[in-house]
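Scroll down for the structure; my scribbles are underneath it.
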Amino acid sequence: MKKGGSEMLKNGEDLFGGVKKVKATSDHVPDIEKLQRPFEKKHSVAYLFCKGCGLIFEVDQKQVDELAKKANLDIVPQDFFEHYFETMGCGTCAIGVENVSIKPIKK
Amino acid sequence: MNLGYTGRMAEKELFDEAIETTGLELYLNYQQSLKAVKESQPWEDPSDPDKRFANDLHATIANKLGFEDYSKLKFYTSVNSHLDKYHGVDAFFELELDNGQKNRVTLDVTLNINKGEDWKADVVFQWPSEGLDPDLPEDKKEYIKQLEFIADRIVKLIKQ
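The listed protein sequences correspond, in order, to chains A and B. Residue numbers for the first sequence follow this note's numbering, beginning at 1 and rising by one. Residue numbers for the second sequence follow this note's numbering, beginning at 108 and rising by one.
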């Protein structure tokens, strides 16, 4: 049995290190062209833009329903060709999605 | 007792823990995942990574490419990121060419290369499940062998 040395490298994190949170600056504006692109993931139906870090996520219908609840929306758009979700934070730059709202995609 | 607890499983648990906190598992497409990774590096200079293996690999590749200026070659870890979770990439190298274009080579480490996963990275390599300690004499030879083997594969692809 091998003895554990001072720097035993066993997995991806040992070899490469792990990412940290993206720094949130809260002053990002969305690139409209990116909000109109076809989705990469099969079941995605809407985009979510994080104003905190500027990242654009894809969300599925179940997540749309959850986000609508967080945004306290009574009426949710039928589709999201002309709307997107906006948050002030996300799991990549903060603890989770914060201050959810729906915004029109201004062309 | 070996419970088959792999590096990939450990990474998944860390990611899932983060998702549990947010309540939402949000998908990031490939380009956005790359952007997120570049903005979430645990060290400041991507041409001088802090982690020993990453640094040794970076230097080995730079030497094989004949670089005196190491800053042309950049290393980014993506462990525990969306790029890792959704796109199967643990890390990547980028080489800035004279014309401003960037060549990228992605990496994925596994403890069992025959486990039938749908590998997505350019270079997938197997790491000994018991680990390697480059400071132990009995591991040093294998560590250097791994470095050379992986570096050769990356150099071949990144020059194209």
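Beta carbons are placed, not taken as given, at the ideal position from N, Cα and C, and that holds for glycine.
Nearest candidate by alpha-carbon position, reference residue i, set the options
{"i": "A:Gly54", "options": "A:Phe80, A:Asn99, A:Asp27, A:Arg37", "result": "A:Asp27"}
{"i": "B:Ser147", "options": "B:Asp155, B:Leu243, B:Ser188, B:Val216", "result": "B:Ser188"}
{"i": "A:Glu86", "options": "A:Leu15, A:Glu98, A:Lys10", "result": "A:Glu98"}
{"i": "B:Ile257", "options": "B:Ser185, B:Val216, B:Asp152", "result": "B:Val216"}
{"i": "B:Leu190", "options": "B:Ala228, B:Ala161, B:Glu237, B:Gln208", "result": "B:Ala228"}
{"i": "B:Ser140", "options": "B:Pro153, B:Asp163, B:Phe174, B:Tyr183", "result": "B:Tyr183"}
{"i": "A:Pro104", "options": "A:Leu35, A:Gly17, A:Val59, A:Met8", "result": "A:Leu35"}
{"i": "A:Thr25", "options": "A:Glu40, A:Lys62, A:His43, A:Cys50", "result": "A:Cys50"}
{"i": "B:Ala169", "options": "B:Ser185, B:Ser154, B:Ala198, B:Pro241", "result": "B:Ser154"}
{"i": "A:Glu113", "options": "A:Leu73, A:Ile102, A:Ile95, A:Asp60", "result": "Here chain A covers residues 1 to 107 and nothing more, so residue 113 of chain A does not appear."}
{"i": "B:Asn136", "options": "B:Thr167, B:Tyr177, B:Leu264, B:Gly195", "result": "B:Gly195"}
{"i": "B:Ile220", "options": "B:Arg211, B:Asp242, B:Trp234", "result": "B:Trp234"}
{"i": "A:Pro89", "options": "B:Leu131, B:Trp226, B:Ile265, B:Leu264", "result": "The sequence given here has Gly at residue 89 of chain A, not Pro. If we check each option's Cα against that of A:Gly89, B:Leu131 comes out closest."}
{"i": "A:Ser6", "options": "B:Gln267, B:Lys145, B:Pro244", "result": "B:Pro244"}
{"i": "B:Trp150", "options": "B:Gly173, B:Ser185, B:Leu133", "result": "B:Ser185"}
{"i": "A:Lys106", "options": "A:Gly18, A:Val19, A:Val29, A:Lys20", "result": "A:Val29"}
{"i": "B:Ile265", "options": "B:Gly207, B:Phe200, B:Lys222", "result": "B:Phe200"}
{"i": "A:Gln61", "options": "B:Arg211, B:Tyr134, B:Phe232", "result": "B:Tyr134"}
{"i": "B:Asp197", "options": "B:Asn206, B:Lys222, B:Gly207, B:Phe232", "result": "B:Phe232"}
{"i": "B:Gln267", "options": "B:Gly223, B:Val212, B:Glu224", "result": "B:Val212"}
Cβ-based neighbour list, residue i, same chain, cut-off 8 Å, excluding 5 preceding and 5 following
{"i": "A:Phe80", "result": "Val45, Ala46, Tyr47, Val64"}
{"i": "B:Leu239", "result": "Asp246, Glu249, Tyr250, Gln253"}
{"i": "B:Lys171", "result": "Ala258, Asp259, Val262"}
{"i": "A:Leu9", "result": "Leu15"}
{"i": "A:Asp31", "result": "Ile56"}
{"i": "B:Asp242", "result": "none"}
{"i": "B:Tyr177", "result": "Ser154, Asp155, His165, Ala166, Ala169"}
{"i": "B:Phe55", "result": "Since the displayed chain B opens at 108 and closes at 267, residue 55 of chain B lies outside it and no answer follows."}
{"i": "B:Arg159", "result": "Pro241"}
Contacting residues, own chain, Cβ-Cβ under 7 Å from residue i (five flanking each side not counted)
{"i": "B:Arg260", "result": "Val230"}
{"i": "A:Val100", "result": "Leu67, Lys70, Ala71, Phe85, Thr87"}
{"i": "A:Glu58", "result": "Phe39, Glu40, Lys41, Ser44, Tyr47"}
{"i": "B:Trp226", "result": "Gly195, Asp215"}
{"i": "B:Val144", "result": "Tyr183, Ser185, Ser188, Leu190"}
{"i": "A:Met1", "result": "Any answer about A:Met1 is weak, because its pLDDT of 46 lies below 50 and its placement is not dependable; what the coordinates show is given next. Here the set comprises nothing."}
Residues that DSSP places opposite residue i in a beta bridge
{"i": "A:Ser101", "result": "A:Glu86"}
{"i": "A:Phe80", "result": "For A:Phe80, which the question treats as bridged, DSSP gives no partner whatsoever."}
{"i": "B:Thr217", "result": "B:Gln233"}
{"i": "B:Leu135", "result": "A:Phe57"}
{"i": "A:Gly180", "result": "Because residue 180 of chain A is not part of the residues shown, which for chain A are 1 to 107, the question remains open."}
{"i": "B:Leu239", "result": "A:Leu9"}
Cβ shell of residue i (< 6 Å), same chain only, five flanking positions each side left out
{"i": "B:Ser236", "result": "Leu218"}
{"i": "A:Val22", "result": "Cys53, Thr92, Cys93"}
{"i": "B:Lys163", "result": "For the record, residue 163 of chain B in the displayed sequence is Asp; it is not Lys. For B:Asp163, where only same-chain residues beyond five positions count, the Cβ hits under 6 Å are Leu254."}
{"i": "B:Glu203", "result": "Lys179, Lys209"}
{"i": "A:Glu13", "result": "none"}
{"i": "B:Lys142", "result": "none"}
{"i": "B:Asp157", "result": "Trp150"}
{"i": "A:Val76", "result": "Ala68"}
{"i": "A:Thr74", "result": "In the sequence as displayed, the identity of residue 74 of chain A is Asp instead of Thr. No residues qualify anywhere along the chain."}
In the stretch 13–26 of chain A, which residues sit with their C-beta less than 8 Å from some C-beta in chain B, listed in chain order? From the stretch 13–26 of chain A, only Glu13, Asp14, Leu15, Phe16, Gly17, Gly18, Val19, Lys20, Lys21, Val22, Lys23 have a Cβ closer than 8 Å to chain B.
Curious, which full-length beta strand (DSSP E) runs of at least 3 residues does the stretch 36–73 of chain A contain? Those beta strand (DSSP E) runs which fall completely within the stretch 36–73 of chain A and span 3+ residues are 44–50, 56–60.
Closer than 9 Å, Cβ to any Cβ of chain A: which residues of the stretch 156–182 of chain B, in chain order? Contact annotation: in the stretch 156–182 of chain B, residues whose CB is within less than 9 Å of a CB in chain A are Pro156, Asp157, Lys158, Arg159, Phe160, Ala161, Leu164, Phe182.
Segments of 4+ residues assigned as alpha helix (DSSP H) that fall wholly inside the stretch 140–215 of chain B: Correct list: 159–171, 189–194.
Residues of the stretch 26–50 of chain A with Cβ closer than 7 Å to any Cβ of chain B, in chain order: Going along the stretch 26–50 of chain A in chain order, one finds Glu40, Lys41, Ser44, Leu48 with a Cβ nearer than 7 Å to chain B.
Mind checking the stretch 52–65 of chain A against chain B and listing, in chain order, the residues whose C-beta falls within less than 9 Å of any C-beta there? Against chain B - using a Cβ distance shorter than 9 Å - the residues of the stretch 52–65 of chain A are Cys53, Gly54, Leu55, Ile56, Phe57, Glu58, Val59, Asp60, Gln63.
Using Cβ-Cβ distances below 8 Å, what residues of the stretch 76–106 of chain A are close to chain B? The stretch 76–106 of chain A vs chain B, Cβ under 8 Å: Cys90, Gly91, Thr92, Ile95, Gly96, Val97.
Using a beta-carbon distance cut-off of less than 7 Å, what residues from the stretch 182–210 of chain B approach chain A? Taking 7 Å as the cut-off between beta carbons, the residues of the stretch 182–210 of chain B near chain A are Thr184, Ser185, Val186, Asn187, Ser188, Asp197, Ala198, in sequence order.
Short of 9 Å Cβ to Cβ, which residues in the stretch 222–254 of chain B face chain A? Answer set for the stretch 222–254 of chain B: Trp234, Pro235, Ser236, Glu237, Gly238, Leu239, Asp240, Pro241, Asp242, Leu243, Glu245, Asp246, Tyr250.
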